[in-house]
Amino acid sequence: MISRDEYLKSLEIILKYREQCKNDLKQIAQVQSEVTLFKDSASPRLYNIVKKSLISIWNHELTVNEIRLAVDEVGIDSFSKIRGMGNILFKELKKILYNA
1 MISRDEYLKS LEIILKYREQ CKNDLKQIAQ VQSEVTLFKD SASPRLYNIV
51 KKSLISIWNH ELTVNEIRLA VDEVGIDSFS KIRGMGNILF KELKKILYNA
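In terms of our numbering, the sequence shown opens at residue 1 and continues consecutively.
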């Protein structure tokens, strides 16, 4: 039988491990977005809308992270209103850029 103190100590270790796993998953998602091409993540319709919007910086296939930085300059809400995105495309863009 383990004592109460040992139990609480082991529970604390488990909680720290769980928190570290969450942090690791966030880092993995960040690294993946830095190397994943937007073209591979988006639907063809969303890809074409974003490409037309960012034509001034589109000299090569952009990564998800590069798109996120460009969209963040004006804000995702403003960006979607400028391009006339419907709710479905807005949700898709938000999911791709922010994993939301």
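Here a beta-carbon is modelled for each residue, glycine too, at the ideal position from N, C-alpha and C.
Limits of the unbroken alpha helix (DSSP H) element including residue i
i	result
G55	Residue identity check: residue 55 is Ile in the sequence provided, not Gly. Element bounds for I55: n/a, residue is neither H nor E.
E92	87-98
I67	64-74
Residue of the options minimising C-alpha distance to residue i
i	options	result
F90	S43, E73, E61, L69	S43
I82	Q20, S3, K16, V50	V50
K39	E19, I88, E61	E61
L37	L25, W58, Y17	W58
N48	L8, R4, Y7, G84	G84
Under 8 Å between C-beta atoms of residue i and residue j
i	j	result
A70	L54	yes
I76	K94	yes
L97	V74	no
State whether the stretch 27-38 contacts the stretch 4-13, with contact taken as three or more CB pairs (one from each stretch) at a distance under 8 Å. The stretch 27-38 is not in contact with the stretch 4-13.
Could you tell me which uninterrupted alpha helix (DSSP H) segments, each at least 4 residues in length, are contained entirely in the stretch 7-44, listed from first to last along the chain? You should have 38-41.
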